[in-house]
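Once you know that position 90 of the first sequence is 90 in this note's numbering, the rest is easy, because the numbers rise by one and skip nothing.
The beta carbon of each residue, even a glycine, is placed where N, CA and C say it ideally should be.
Note that this is a predicted model, so its numbers are computed, not measured.
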Amino acid sequence: MIDFSATADIVAPQLLGCTLTHAGVTVRLTEVEAYLGAEDPAAHTHRGVTDRNRAMFGPGGHMYIYLSYGIHRAGNIVCAPEGVGQGCLLRAGEVIDGLELAQERRGDVPFARLAQGPGNLGQALNFQLTDNFSPVTGPDFRLSPRPGEPEWVRGPRIGISKNADAPLRFWIPGNKTVSVRRGRPRG
DNA sequence: GCTGAGATATTCT
DNA sequence: GAATATCTCAGCG
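Written out as structure tokens, the structure reads:
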């Protein structure tokens, strides 16, 4: 099992290929991002504990769910010892069970888009703000180990404005559920 | 396939 | 009041 008391950049690549089950849907994680807390200006926890990010300061192996742009629910897995404030944002996954349920929630979209992007993943798995603090190996969430270590790569994070060059995004190359999002620097 | 702009709630200053 | 770890849509090749 993964040691969630390690730092987020250590845990992140270990999550790739693992499956996460919640509310009747199972996905295989294909893309995650590490947020390093106080030393990382892009992290919610950069400025210290608030009511919103409190879950990230808890012990590793729990969920941190937040509302993004007022619309989307995104899920993180808390990393590092209690009080540090690190976590891994779940960016994308591949639905491998509960397909019909995921399609009901997401509507008529291609398979690869069912859980593509943090907001879509949250909708497919039906993340709720009340799921904060839930253990990832508890009754509500089930994180299962992967059969073997998949090939993975790392690169810059996406959708943030601060510290965007740090190579803290990890994904499985070639997987159709991982998109190279638009807005790459032209030129 | 790609691009640009609007929507929407909570949080922080 | 401004910002945000985003998604979807319309328009164009």
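1. What separation, rounded to the nearest whole angstrom, lies between the Cα atoms of G155 and I10?
2. Tell me whether P118 is buried or exposed, calling it buried when 16 or more other Cβ atoms sit within 10 Å of its Cβ.
3. What residues match up with W171 in a beta bridge as DSSP calls it?
4. Who are the near neighbours of P59 in its chain, counting only those whose CB is closer than 6 Å to its CB and skipping five residues on each side?
5. Write down the C-beta distance between F127 and V32 rounded to the nearest angstrom, noting that I regard them as a contact closer than 8 Å.
6. Beta strand (DSSP E) containing D97: first to last residue?
7. When you compare only the Cα positions, how much space is there between P110 and V136?
8. Please list the terminal residues of the continuous beta strand (DSSP E) segment that includes N76.
9. Confirm, please, whether the CB-CB distance from V95 to L114 is below 8 Å.
10. Which term fits I2, buried or exposed, when burial requires 16 or more other beta carbons within 10 angstroms of its beta carbon?
11. With a threshold of 8 Å on Cβ separation, who are the neighbours of F141 within its own chain once the five nearest residues in sequence on each side are excluded?
12. Does the contact criterion of 3 or more C-beta pairs under 8 Å hold for the stretch 24–43 versus the stretch 161–177?
13. Between G87, R91, A112, L90, which lies nearest to L99 when the distance is taken from Cα to Cα?
14. What is the rounded straight-line gap between the Cα of E149 and the Cα of L101?
On the basis of the coordinates in this document:
1. Within the first sequence, the letter at position 155 stands for residue 155. Within the first sequence, the letter at position 10 stands for residue 10. Across the structure, G155 and I10 are spaced so that their CA atoms are roughly 14 Å apart.
2. By 1-based counting over the first sequence, the position of residue 118 is 118. Flag for P118 reads buried.
3. Here residue 171 corresponds to residue number 171 of the first sequence, with the count starting at 1. Residue pairing by DSSP puts W171 in a beta bridge opposite E31, V153.
4. For the purposes of this step, residue 59 is identified with residue 59 of the first sequence, where counting begins at 1. Here the set comprises E82.
5. As a position in the first sequence, residue 127 is number 127, starting the count at 1. As a position in the first sequence, residue 32 is number 32, starting the count at 1. Contact between F127 and V32 is ruled out by a C-beta separation of about 15 Å, above the 8 Å threshold.
6. On the first sequence, position 97 is the one that residue 97 refers to. Segment 86–97, the beta strand (DSSP E) holding D97.
7. Taking the first residue of the first sequence as 1, we reach residue 110 at position 110. Taking the first residue of the first sequence as 1, we reach residue 136 at position 136. About 28 Å.
8. Residue mapping note: residue 76 aligns to position 76 of the first sequence, counting from 1. Per DSSP, N76 belongs to the beta strand (DSSP E) from 72–79.
9. Residue numbering aside, residue 114 sits at position 114 when the first sequence is read from its first letter. Residue numbering aside, residue 95 sits at position 95 when the first sequence is read from its first letter. Yes, the pair counts as a contact, with Cβ atoms nearer than the cut-off.
10. As a first step, residue 2 must be located in the first sequence, where it is residue number 2. I2 counts as buried, since at least 16 other C-beta atoms from the protein chains shown sit within 10 angstroms of its C-beta.
11. If you number the first sequence from 1, residue 141 lands on position 141. Only residues of its own chain outside the window of five on either side were considered, and among them L20, T21, H22, M63, D131, S134, P135 have a CB closer than 8 Å to the CB of F141, listed in chain order.
12. Three or more pairs of CB atoms, one per stretch, sit closer than 8 Å, so the stretch 24–43 contacts the stretch 161–177.
13. Within the first sequence, numbered from 1, the residue matching residue 99 stands at position 99. Sorting G87, R91, A112, L90 by C-alpha distance to the C-alpha of L99 places A112 at the top.
14. Locating residue 149 in the first sequence gives position 149, where the first residue counts as 1. Locating residue 101 in the first sequence gives position 101, where the first residue counts as 1. Roughly 28 Å separates the two Cα atoms.
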